Every structure is written in C-alpha cells, then in structure tokens.
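Read the structure below first, then the notes.
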Amino acid sequence: MQYSIFNLIREGINKHKGWPAAFRHPEPKERYDVIIIGGGGHGLATAYYLAKEHGIRNVAVVEKGWLGGGNTGRNTTVVRSNYLWDQSAFLYEKSLKLWEGLTQDLNYNLMFSQRGVLNLCHNLHDLRELHRRINAIRLNDIDSEYLTRDQVKAFVPILNMDPNIRYPILGGSLQRRGGNARHDAVAWGFARAADRLGVDILQNCEVMAILRDGAKVTGIETTRGTIRAPKIGAVVAGHASVVAGMAGIRLPIESHPLQALVSEPIKPILHTVIMSGAVHVYVSQSDKGELVMGAGIDTFNSYAQRGSLQVIEDQMAAVVELFPMFSRLRMMRQWAGIVDVCPDASPIVSKTPVEGFYVNCGWGTGGFKATPGSGWVFAHTIAQDRPHRLNEAFNIERFSTGELIDEHGAAAVAH
Ligand code: FAD
Ligand code: PYC
3 MQYSIFNLIR EGINKHKGWP AAFRHPEPKE RYDVIIIGGG GHGLATAYYL
53 AKEHGIRNVA VVEKGWLGGG NTGRNTTVVR SNYLWDQSAF LYEKSLKLWE
103 GLTQDLNYNL MFSQRGVLNL CHNLHDLREL HRRINAIRLN DIDSEYLTRD
153 QVKAFVPILN MDPNIRYPIL GGSLQRRGGN ARHDAVAWGF ARAADRLGVD
203 ILQNCEVMAI LRDGAKVTGI ETTRGTIRAP KIGAVVAGHA SVVAGMAGIR
253 LPIESHPLQA LVSEPIKPIL HTVIMSGAVH VYVSQSDKGE LVMGAGIDTF
303 NSYAQRGSLQ VIEDQMAAVV ELFPMFSRLR MMRQWAGIVD VCPDASPIVS
353 KTPVEGFYVN CGWGTGGFKA TPGSGWVFAH TIAQDRPHRL NEAFNIERFS
403 TGELIDEHGA AAVAH
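Per the numbering used here, numbering through the sequence shown is continuous, rising by one, with the last residue being 417.
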C-alpha cells in the first residue's frame, strides 16, 4: 500500500489507530516446505528470495523474540564490499548491488545512503597494505580509490591532520559506493515483502530441538509446538553453535560480545564513514544526528549482550584522537550484540552432513552489509540443495580441507 501525506495527516488527527499491520501474525501450520530459524535480516531475506526467486512460498520464519531484535537491530549499519579475496569480493559485491535496488524492490525506504567508507592509514605498513587491497579490489572491478593526506583533509576537514600526533594520518582508501542503511527497516522491509508472498512469520517462537529421522531433518520442537519440514535453514547469528548443536553439528565458531555506542544528537558534521584500524575506532553520523561508534570485539566468549567498560574507554580515547572536537560530546547509549566468528573471519553458508539442514552463520562483526546477498545465495542453496557459485567456497568443509578465506584484514577495525 502506498501512503500519502493525507494518510499521515488523517492518522495524526485520529491518534494513529488506522495503520494496517505490515505483516500477519499467523498461527504455526503443522508443516512447511522450508523452515528458516532466525528472524533477523538474513533469515527474512532468505525467506523473501525463496518465495520470489524460487517460487517456494510455503515457508515459515521462526523467531524466538521479535524481528530484528538480534544483531540486525544492534549493528552500526556500515555497508561496503571492499574485501581482499575474490570469493568474498564477489559475494559482498553481489550484496552491495542488491542494496542499490533494494528500497525499490521491497517498496520500503531503507534509507540506504552511499556516503562512502574511508579507511585511514597511519604508518608505512598500513600504507602498503592499503595499496595492496585497493589493487586487489579494483582487479575485481569494485570501486576503491586512494586518497592522499591532502585529499583526506579536503574530504573530511574535521579530522586531526597534525603530523606530530601518535598515529598521524598518511592517507586513506575510499569506497564511494559504501555507506549506511537503516537497520530495523531492513528487517521490516524484508518481512513485509516475504509476508505478501505467503511466508508465515512466527515471532515469540523459540526453537528448542531439531527433529531427525536418522540422517535427515524432519522438523523442529518450539515453544509454540512441533512444526514439520523436510528442509531447515539456521540463520541465528550469536547462537549458531547452539542451534547447529541441536542437529548434531559442531561448528568451528566462537561467540563474542561486540559493543557500539551513540552520542547525543548534533547538527550534521560528518558526511561519511571513517574507520581506523590502527587507532582502532570507526564512526559515522546517523540521520538523527547521533555519532555512531564502535571498535573491536570483547576478547572473552559470552552470550550476554553487554561488554566491558575498558573496550568503550579505548574507543572514546581513539575517537578523540582522530576528532579532538568530539571531546565535549556526551555519550547517550551503549549496547552489545553477540557475534559468531569463524577462524578465518569468513562466513559459512552451506549444506551440512545432515540431509535437509543448512547453516548460514559466522558473519562475525560484518554481516549487516551482506544481508541481501546472504539471503539470496542461501535461498538458492536451500531451493536447489546445492550452493550457488557465489557461496560455494563458504562451505563447512573448508575447515578440514584447509581452503580458508582469511578476511581478518577486511573485518578491519571491528575485528
Ligand atoms: P540476527 O539479526 O542476530 O538474527 C538472528 C535471530 O535468530 C535473532 O533475532 C535471534 O533472536 C534468533 N534466534 C536465535 N536463537 C534462536 C532460536 N533458538 N529459535 C528461534 N530464533 C532464534 N555488520 C556490518 O556489516 N556492518 C556494521 O556496521 C556492523 N556493525 C555491528 C555492530 C555491532 C555492535 C554488532 C553486534 C554487529 C555488527 N555487525 C555489522 C554485524 C551484523 O550485525 C551481523 O552480522 C548481522 O546483523 C547478522 O544478521 P542475522 O540476520 O544473521 O542475525
Ligand atoms: O563490517 O564494516 C563492517 C563493520 C563496521 C562496524 C562493524 N562492522
């Protein structure tokens, strides 16, 4: 449904009682063709593309809490595709291309803003590594450009360009097509579009067990009853090991808290995303005016969605080093999400040894940008029972064959 200014005025006068729900709240059916566990962006995107691209509409998305209440609603919304290795570059670039048409495709304003992502370098090693990456990225026909120190200064005049500081800025790599999007809108937009294609979205429905008949899955046991399906996809960032364990699969994943924080809102001052691996912080400004910041994971393993003070103290020191003028800003909120990290800092989007059980996990600190691409390839993998060529390399076997895709560098500051 399209909304006009008249609807808005009418709803304002009528105390907002007339808006239709964006999606249905159905009771679970006994049986579906596919069950997707996890109602974050990746799970909802998978269901949407199953219905849209593969005509599989008898699908349930099963979410233990509310849509987007996991990392989809907790991340700092950086979108980019500047990855080093071909396999990752192609997958993240597919995702970025989908982002570029997603607001229109879903008919939902995702506030996708290609404001650029600028990675700073502060020493000779950084500089050499930056050039290597820019060359690798451009060889894959993905945009990436080098900015000299003077060009960085012209692009973001509020950065501290003093050559005598601890980590002087020597230059940067800029992906102009990178940027930010509104994270909740991504969940809501995919949910509404999937619902319209017939997908059942089941919230407050926690998966407690995965049912098997020998080597095959047959369904799930949930807090809303037993639901049967011959194909089950698990897309549960932060709890991938827990849910895979229910199917008898052990994943090579560690779960860590990743924190972020926002300042009080201020007038527009920062028009791009700044990341610095050496000083160790990243920052952008939201449409509300808040500065959104973060850095690396807390080093301990945890399922508690909070982190330690020392990590945010370090982030604050780093941001003030890059932007001395932010020193008087007050911080408003801090939170954490649980990120599942693979040993090579790349995801697993794969079939498993259990027939009909598929996993999509291990996106670590960087899966928001991958949301549409991840859903697109995972839908293909489930529908065809074989990976798409874009996710072939991200199989679960690579941890025994040794064909790892080491993207620790691309995870950069957030790692
Ligand atoms: P989620 O949104 O977490 O969805 C998984 C869902 O599964 C959850 O809603 C959960 O409730 C549900 N679930 C779990 N267990 C069960 C169960 N037993 N039964 C039913 N449901 C279950 N990435 C970027 O690309 N850019 C960024 O700037 C960025 N910043 C980040 C900042 C922070 C602080 C954090 C924490 C992460 C950040 N990320 C970023 C990573 C990104 O948020 C994630 O990779 C991505 O959102 C994962 O999406 P998802 O849909 O897989 O997971
Ligand atoms: O992957 O670009 C990223 C990112 C930024 C902040 C957290 N992850």
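By construction, the Cβ of each residue, glycine as well, lies at the ideal position given by its N, Cα and C atoms.
Computed from a prediction, not measured in an experiment: that's the story for all the values here.
Does the distance from the C-beta atom of Ile234 to that of Ile37 stay below 8 Å?
For the purposes of this step, residue 234 is taken as the residue at position 232 of the sequence shown. For the purposes of this step, residue 37 is taken as the residue at position 35 of the sequence shown. In this structure, Ile37 lies closer than 8 Å to Ile234 by Cβ.
Ligand 2 heavy atom lying under 7 Å from the CB of Ala413:
The residue labelled residue 413 in the question sits at position 411 within the sequence shown. The answer is yes for Ala413.
Under a three-way DSSP split, which group does Ala319 fall into?
Within the sequence shown, the letter at position 317 stands for residue 319. In the structure shown, Ala319 sits in a helix (DSSP, three-state: H, G or I).
Per DSSP, Ala211 forms a beta bridge with which residues?
Your numbering for residue 211 matches position 209 in the sequence shown. Looking at the DSSP assignment, Ala211 forms a beta bridge with Glu223.
Spell out whether any CB of chain D is found under 8 Å from the CB atom of Gly291.
Given the protein chain composition of this structure (a single chain), no chain D is represented.
Separation of Val209 from Glu405, as counted between CA atoms
Here residue 405 refers to the residue found at position 403 when the sequence shown is read from its first residue. Here residue 209 refers to the residue found at position 207 when the sequence shown is read from its first residue. Spanning the two alpha carbons is a distance of roughly 32 Å.
Considering only heavy atoms of ligand 1, does any lie closer than 7 Å to the CB of Gln261?
Counted from its first residue, the sequence shown places residue 261 at position 259. Under cutoff, so the answer is yes.
Whole runs of the alpha helix (DSSP H) within the segment 126 to 160, excluding any shorter than 4 residues
126 to 141 and 151 to 157
Flag this pair as yes or no: are the beta carbons of Tyr284 and Gly296 separated by less than 8 Å?
As a working note, residue 284 is residue 282 in the sequence shown. As a working note, residue 296 is residue 294 in the sequence shown. Yes, Cβ-Cβ distance for Tyr284 and Gly296 is below 8 Å.
Is the beta carbon of Ala262 closer than 8 Å to that of Thr105?
Here the question's residue 105 lines up with position 103 in the sequence shown. Here the question's residue 262 lines up with position 260 in the sequence shown. It is not a contact, given that the beta carbons lie outside the stated cut-off.
Taking C-beta to C-beta, are Gly180 and Arg82 nearer than 8 Å?
The count along the sequence shown starts at 1 and reaches residue 180 at position 178. The count along the sequence shown starts at 1 and reaches residue 82 at position 80. Contact flag set, yes.
Report whether the distance from the Cβ of Arg117 to the nearest heavy atom of ligand 1 is below 7 Å.
The count along the sequence shown starts at 1 and reaches residue 117 at position 115. Arg117 Cβ: outside cutoff for every heavy atom of ligand 1.
Heavy atom of ligand 2 less than 7 Å from the Cβ of Gly72, yes or no?
Within the sequence shown, residue 72 is the residue found at index 70, counting from 1. Gly72 Cβ: outside cutoff for every heavy atom of ligand 2.
Assumed close pair Val275, Val119 - CB separation to whole angstroms, cut-off 8 Å
Within the sequence shown, numbered from 1, the residue matching residue 275 stands at position 273. Within the sequence shown, numbered from 1, the residue matching residue 119 stands at position 117. At roughly 4 Å, the Cβ-Cβ gap stays under 8 Å, so Val275 and Val119 are in contact.
Let me know the secondary structure DSSP gives Leu176 once reduced to three states.
For the purposes of this step, residue 176 is identified with residue 174 of the sequence shown, where counting begins at 1. Leu176: strand per DSSP, three-state reduction.
Are there three or more Cβ pairs, one per stretch, closer than 8 Å when the segment 193 to 205 is compared with the segment 39 to 54?
yes
When we look at the beta-carbon of Phe25 and count the other beta-carbons within 10 Å, is it buried (16 or more) or exposed?
Numbered from its first residue, the sequence shown carries residue 25 at position 23. Label assigned to Phe25: buried.
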